[in-house]
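**Q**
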Amino acid sequence: MLNIRDISIKSKLVLMQVFTSVMVLGLCFAAFIISDIKGYKERKTDSMISLANVIGLNSISAIDFLDNDAAKAILGDLRKISPDVVHATILDNKGNIFATYSKNGTGTYPFPRVQANKKFEFVRNHLLVYNTIINDNEITGTVCLRVELTELNAIKKQKYQIAYILLIVGLGVAFLIALAIQPYISKRLLSLVSIMNQVSKTGDYSKHVVVEGKDEITALSLVFNNLMDQIQESHKKKDEFIGIASHELKTPLTSIKAYLQVLDSIENNQPNKQYIEKALENVNKLQQLLLDLLDVSKIQSGQLQLNINEFNIDTLIDETIASSQIVSPNHQIVREGKPVNQVISADKQRIEQVLINLLSNATKYSPGAKKVILYTAKTVSAIIVGVKDFGIGIPKKEQSKVFERFYRTKELSKHHISGFGLGLYICRDIIERHKGKIWIESDGKGSVFYFSLPLQSSVAAAPSA
Amino acid sequence: MLKRLLFIILILTLGKSSGRAQSMEGEYNLKAAFVYNFTRYINWGPFVPENEFIIGIVGQSSIYEPLEEIAKTKTYNDKKIVIRQFNKAEDITFCNILYISHNNSIPLYSIFTKINPGTLTISEEQGYAQLGTAFNFVLIKDKLRFESNIRALNSAGLKASSQLLKLAIIVE
């Protein structure tokens, strides 16, 4: 069953116009054809009644003097006068056949019993006419004619043909007009939809729709633009707040950390030292979070800058694995693939941040697994690094979203694994600033996060935000 | 009106049997009806009767009774129809229609001498139309038809309608 809602507005508009035109044209044609046919029938009936009347008047004497042959001769003249008449009969006043006529010379047509007030009727494409012969105020007999409506069929055929042709032409014209008109409505709607899609995909809320005209779509566009402005404004405020808040939190936290470190170094008694270490551990976590927030804030405001220097990527990777191994003693971090042994120009600290992030994610999100693998590979133009975990994986439809700000997969929320969903966002930004790419491959048995760094790096020191 | 209708029905019923050999009685009923019907198609012009419409019969004929019947119920233009019978030529007086039966011994010429303009002559003898009667009944294929002598009609000062003449066998 075709649902009207499943049809696009474009098709609806075209259909509507075409349907309306066909309806109107059809009704008009029907009215014209019906009135034409009716007119023809009336004229034919009138002329045939007159003819029957004349025949009747001419037959009075023949009936009076019982001269069947004379009456037959009168009817015989029909062949010349009115070839449309196929059968004719003169009945006497008792309804008995007095004389008959048949165009092709044989057979009599059994006219139905004449009713007093009926002068004509249409029976199967033929007109039957009954005309009583009145002489000296007496009914002498009846003239019955059976008239072929060949002309009517010809007229019908002709009219139908004209109607069909005009209907098709009208349909075509209506279709073309609808096609010409519909872009004014559907094109604008579609452009609005396409911009909305872009915005939803890229998160670029600065996009605006071109506003023109004064109709409902214009109103929709205006509302959309306003909405975009509001979103942009609220984003801006949120970013500002994150920036200010994390900055304001950072100073006292640094101070707390410093005092805790002092305490840690002078305290040797248990359980005090253990408490201090626990506190320090959490302060570190908090500090990392604040650093992430600050990074995000910088990314948003375009203040994140790369500090480019040359270093060997292998060394960085090995160092990072070593330091991550200490933080995550439950997993074994294994390096696979050939060492690339490549000196690259990049922000060493930031690349390290990316590696730490990916490794910590890999361990954090595969709590049951024992192993994390770090691949390295080198192509003609780039170095590729992959971090593989053996966790639950990320569903296909969520894969594109994991690099978005504050995005956390549904599985994470279910398993109460903490995090802001900022790490991968920062990673993506850092890699993209290095003109590299970051992507994910995942199935039910785990995920691999890859990033590539171009070898002929032309990384600008400070790409614009 | 109703009676007239019944009469027509009567003659049409008779007419139905016209295809077959007609009995004497049937034949004269029909002839009587025809005679009456002639009055509808003949214009007597200045000789239109003033009081009564007279139909005369020359000789003894079976047409007398049916004509009498008609005279009882019918009129000519609201004038009473009167039937008279003449057995001798001298008896013949003015009639609107003079029916010359074949059952008489009076020579035709002596009848003609008694006829005045305004009299429609009807006969029923082979060849009489050629001899000068306006109409003459004949049987053709067992059907009652009539011959017409237009000159006789004209000389009698009468006019027959074309509707009547087209049914007649014109002899002159």
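As they're listed, the protein sequences go chains A and B. Numbering that gives the first Met the number 0 puts the last residue of the first sequence at 464; the count rises by one with no breaks. Numbering that gives the first Met the number 0 puts the last residue of the second sequence at 171; the count rises by one with no breaks. Glycine residues also receive a C-beta, built at the ideal position from the N, C-alpha and C atoms.
(1) Roughly how many angstroms separate the alpha carbons of A/F402 and A/I355, rounded to a whole number?
(2) With DSSP collapsed to three states, give me the class of B/N135.
(3) Buried or exposed for B/I139, going by 16 or more other Cβ atoms inside 10 Å?
(4) Can you give the Cα-Cα distance for A/D68 and A/S58, rounded to whole angstroms?
(5) Drop a sphere of 10 angstroms on the beta-carbon of B/R144, count the other beta-carbons inside from all chains shown, and report buried for 16 or more, exposed for fewer.
(6) Use the C-beta contact count for A/M227: other C-beta atoms within 10 angstroms, 16 or more gives buried, fewer gives exposed.
(7) When burial is assigned at 16 or more other CB atoms within 10 Å of the CB, is A/A218 buried or exposed?
(8) Checking 8 Å against the spacing of the C-beta atoms, do A/I332 and A/L358 come in under that value?
(9) Determine the closest residue to B/S160 out of A/L144, A/R112, A/S60, with distance taken between C-alpha atoms.
(10) Relative to chain B, which residues along the stretch 58 to 89 of chain A have a C-beta separation below 7 Å, given in chain order?
(11) Give the secondary structure of A/H433 by DSSP, where H, G and I count as helix, E and B as strand, and everything else as coil.
(12) Going by the CB atoms, is the gap between B/G55 and B/Y108 shorter than 8 Å?
(13) If you count every other CB in all the chains shown that lies within 10 Å of the CB of A/V172, and 16 or more means buried, which is it?
(14) At least one CB of chain A closer than 8 Å to the CB of B/K78: is that the case?
(15) Could you tell me if B/E49 is buried or exposed, where buried requires 16 or more neighbouring beta carbons within 10 angstroms of its beta carbon?
(16) Please list the segments of the alpha helix (DSSP H) lying wholly inside the stretch 141 to 199 of chain A, counting only runs of 4 or more residues, in order along the chain.
(17) As a quick exercise: from A/I230, A/V326, A/I316, pick the residue whose alpha carbon is nearest that of A/G336.
(18) Is there contact between the stretch 137 to 151 of chain A and the stretch 160 to 169 of chain A, where contact requires at least three CB pairs shorter than 8 Å?
(19) If you measure between the beta carbons of B/S100 and B/V57, is that distance less than 8 Å?
(20) I think B/E123 touches B/F111, with their Cβ atoms under 8 Å apart; what is that distance to the nearest whole Å?
(21) For B/I82, which residues in the same chain have their Cβ closer than 6 Å to its Cβ, ignoring the five residues on either side in sequence?
(22) With a threshold of 16 other CB atoms inside 10 Å of the CB of A/I467, please say whether the residue is buried or exposed.
(23) With 16 as the cutoff for other CB atoms within 10 Å, does B/A167 come out buried or exposed?
(24) Check A/P109 in the structure and name its three-state DSSP category.
(25) In chain order, what residues of the same chain have a beta carbon less than 6 Å from the beta carbon of B/A233, not counting five sequence neighbours either side?
(26) Any contact between the stretch 12 to 19 of chain A and the stretch 171 to 189 of chain A? By contact I mean 3 or more CB pairs, one from each, below 8 Å.
(27) So that I know if they touch, is there some Cβ in chain A lying closer than 8 Å to that of B/N230?
(28) Would B/F52 and B/K78 qualify as a contact pair, given that the criterion is a beta-carbon distance under 8 Å?
**A** So, from the data block:
(1) Roughly 16 Å between the two C-alpha positions.
(2) Residue state, collapsed to three classes: strand.
(3) Around the beta carbon of B/I139, fewer than 16 other beta carbons sit within 10 angstroms, so the residue counts as exposed.
(4) Rounded to the nearest whole angstrom, the CA to CA distance from A/D68 to A/S58 is 11 Å.
(5) Note on B/R144: 16 or more other CB atoms within 10 angstroms of its CB, so buried under the neighbour-count rule.
(6) Buried is the label assigned to A/M227, since at least 16 other Cβ atoms lie within 10 Å of its Cβ.
(7) With fewer than 16 other Cβ atoms within 10 Å, it is exposed.
(8) Contact: yes.
(9) Of A/L144, A/R112, A/S60, the residue nearest in Cα terms is A/S60.
(10) Listed by position, the residues of the stretch 58 to 89 of chain A near chain B (Cβ gap below 7 Å) are I59, S60, A61, D63, F64, L65, D66, A69.
(11) Assigned with DSSP and collapsed to three states, A/H433 falls in coil, not helix or strand.
(12) Taking 8 Å as the Cβ cut-off, B/Y108 and B/G55 do not qualify as a contacting pair.
(13) Residue environment for A/V172: exposed (fewer than 16 other C-beta atoms within 10 angstroms of its C-beta).
(14) No, because no Cβ of chain A sits closer than 8 Å to the Cβ of B/K78.
(15) By the neighbour-count criterion, in which a residue is buried when 16 or more other Cβ atoms sit within 10 angstroms of its Cβ, B/E49 is exposed.
(16) As far as the stretch 141 to 199 of chain A is concerned, its whole alpha helix (DSSP H) runs of at least 4 residues are 149 to 181.
(17) Nearest option by C-alpha distance: A/I316.
(18) Taking a cut-off of 8 Å on C-beta distances, the stretch 137 to 151 of chain A does not touch the stretch 160 to 169 of chain A, as fewer than three cross pairs fall below it.
(19) A contact, by the Cβ cut-off of 8 Å.
(20) Going by Cβ atoms, the distance from B/E123 to B/F111 rounds to 16 Å, so no, they are not a contact pair.
(21) Cβ within range, chain order: I54, L66, E67, A70.
(22) There is simply no residue 467 of chain A to check, as chain A begins at 0 and stops at 464 in what is shown.
(23) B/A167 sits buried, since 16 or more C-beta atoms from the chains shown fall within 10 Å of its C-beta.
(24) In the structure shown, A/P109 adopts coil according to DSSP, grouped into three states.
(25) Any question about residue 233 of chain B goes unanswered here, given that chain B covers just 0 to 171.
(26) Judged by Cβ distances under 8 Å, the stretch 12 to 19 of chain A makes contact with the stretch 171 to 189 of chain A, as three or more pairs qualify.
(27) This structure leaves residue 230 of chain B out entirely; chain B is present only between 0 and 171.
(28) Cβ atoms of B/F52 and B/K78: closer than 8 Å.
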